[in-house]
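Written out below as structure tokens is the structure these notes cover.
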Amino acid sequence: MRTLLTLVTALMLGATGQAAKADTSPVVVELFTSQGCSSCPPADELLGRLGKRDNVIALALHVDYWDYIGWKDQFAHAAFTERQRGYARSFDSRTIYTPQMVINGSKDVIGNRPMDVSDAVQEYAQKGMVVPLDLARTGSSLRIAAPARSGMQAADIILVRYTPHQTVSIPRGENAGKDITYTHIVTEWRDIGDWNGRTALSETVNITGNAPVVVLVQAKNHGPILAAARLR
Numbered sequence: 169m170r171t172l173l174t175l176v177t178a179l180m181l182g183a184t185g186q187a188a189k190a191d192t193s194p195v196v197v198e199l200f201t202s203q204g205c206s207s208c209p210p211a212d213e214l215l216g217r218l219g220k221r222d223n224v225i226a227l228a229l230h231v232d233y234w235d236y237i238g239w240k241d242q243f244a245h246a247a248f249t250e251r252q253r254g255y256a257r258s259f260d261s262r263t264i265y266t267p268q269m270v271i272n273g274s275k276d277v278i279g280n281r282p283m284d285v286s287d288a289v290q291e292y293a294q295k296g297m298v299v300p301l302d303l304a305r306t307g308s309s310l311r312i313a314a315p316a317r318s319g320m321q322a323a324d325i326i327l328v329r330y331t332p333h334q335t336v337s338i339p340r341g342e343n344a345g346k347d348i349t350y351t352h353i354v355t356e357w358r359d360i361g362d363w364n365g366r367t368a369l370s371e372t373v374n375i376t377g378n379a380p381v382v383v384l385v386q387a388k389n390h391g392p393i394l395a396a397a398r399l400r
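Numbering-wise (the numbering used here), the sequence shown opens with residue 169 and increments by one.
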């Protein structure tokens, strides 16, 4: 049986044994969460810890379907709810829920179960990504590059921006009276192109501001994430 110390060690590793893989094989952890969900704060906190690891790209996507119970989530977006529904279809599930974590677009885990989350992250860290992805920014220009990879699934190229952290006072709803710090809050989600791997990927897009930048290469129809990279 693993001890709490073992679990904490597994979650906080990154600058040691797994740091060498951070640039080429990150693990993407998407948390579907809501300020109106009483089960979500432990998952929000866990995502913040995971996001400190060099080999984890943590993304919090706030959904809007709990807004009716007394508090409207100021970070929520209908597009994130639709993305979660897309995963449900991909996973052959009839329901969506919070807190849900999706690992590399391939596996879902209940987000407030640290041991299950830790196991899933380690599993996909060992598997690695299908193809390495390189990002370089010069001023407002972001260059995205990856080598050709024959036999790769047709994929979407997705640009993501996020706010590193923000504390919110919640006066109503299931979390009434709490001040909760949210991290890795997705503020922009933009499909910037397609790629089938037959030729090397070389794309340049314009970006503004100092928010971190994430690029995902994800198989179409909410399939697995094939490549990912981040600039902070």
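For every residue, glycine included, the Cβ atom is placed at its ideal position computed from N, Cα and C.
In summary, Q294 is exposed, with fewer than 16 beta-carbon neighbours lying within 10 Å of its beta-carbon over all protein chains present. Between G345 and E371, the alpha-carbon positions lie close to 46 Å from each other. The segment 205–214 makes no contact with the segment 307–316, as fewer than three CB pairs between them are under 8 Å. Of H230, I393 and R400, the smallest CA-CA separation from Y292 is found for I393. For E198, the uninterrupted beta strand (DSSP E) segment begins and ends at V195 to T201. Contact between the segment 269–288 and the segment 305–312 is absent: fewer than 3 CB-CB pairs across the two stretches fall below 8 Å. Under the three-state reduction of DSSP, S274 is assigned to coil, being neither helix nor strand. Restricting attention to alpha helix (DSSP H) runs no shorter than 4 residues, the segment 335–389 encloses none. By the CB criterion at 8 Å, L384 and I338 fall outside the cutoff. For G273, same chain residues with a beta-carbon under 6 Å away, outside a window of 5 residues either side, are Q386, P392 and I393 in chain order. The three-state secondary structure of T263, taken from DSSP, is coil. Our two residues, D362 and A396, have alpha carbons roughly 14 Å apart in a direct line.
Here V289 has V195 as same chain residues with Cβ atoms under 6 Å from its own Cβ, once five neighbours each way along the sequence are excluded. Rounded to the nearest whole angstrom, the C-alpha separation of A244 and F200 is 10 Å. Under the DSSP assignment, R253 falls outside any beta strand (DSSP E), being part of the alpha helix (DSSP H) whose first and last residues are A246 to S258. Here A316 carries a coil assignment [DSSP, helix/strand/coil]. At a Cβ-Cβ threshold of 8 Å, Q252 and V231 count as neighbours. Less than 8 Å separates the beta-carbon of E356 from that of V328. Using a 10 angstroms sphere on the CB of E250, the tally of other CB atoms stays under 16, which defines it as exposed.
Each of T367, A226, C205 and H333 was checked against the Cα of G238, and the nearest Cα belongs to C205. Counting along the chain, L301 sits inside no alpha helix (DSSP H), nor does DSSP assign it H or E at all.
A226 is a Cβ neighbour of V197, given a cutoff of 8 Å. Counting every other CB atom within 10 Å of its CB across the protein chains shown gives S193 a total of 16 or more, marking it as buried.
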